[in-house]
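In our numbering, the protein residues as written are 71 to 237.
As structure tokens, this is what we get:
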């Protein structure tokens, strides 16, 4: 009697292991190449020198590298290079509007850690929520300058037309 209980338990255990291996093992769908999940490269990065640093702006990537509408954009990494030529991460811009009907189309970042008179090169990398990353954006190079202050309305003289001579 004891032998039958042991064999029954062994058969049940083997059946359980076989069922678990069949259900939990293997790929259940076709594999997806990484390019299908990577965001398209940003191609419209712009830079301008502003009073408190360098302001970067760019448009939202809307598709994946291999096509298809992007729905899981996670954040942007801002990369900067100075005279040595090595890029380092100087900031991140999170994307928080994935569930909104009207999504933000333009993004901006101001790099405050800059020195007047030095040149910098920037590019931006987009990441999905699953951490698939795009290729680096178009690089932009800028020299940090002090922008001109706006004209003072009290001292700014508008040109006036020259009066015509009277006949």
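We put the beta carbon where it would ideally sit given N, CA and C, even for glycine.
One thing to note: residue 155 has its Cβ no nearer than 8 Å to the Cβ of residue 181. Look at residue 126 here: in three-state DSSP terms it is strand. Residue burial is scored here from C-beta neighbours: residue 86 has fewer than 16 other C-beta atoms within 10 angstroms and is therefore classed as exposed. Excluding the 5 residues flanking it on each side, residue 185 has same chain C-beta neighbours closer than 8 Å at 214, in chain order. By the neighbour-count criterion, in which a residue is buried when 16 or more other Cβ atoms sit within 10 angstroms of its Cβ, residue 224 is exposed.
Under DSSP, residue 147 forms a beta bridge with 162, 195. The beta carbon of residue 201 is closer than 6 Å to none in its chain, skipping five residues each way along the sequence.
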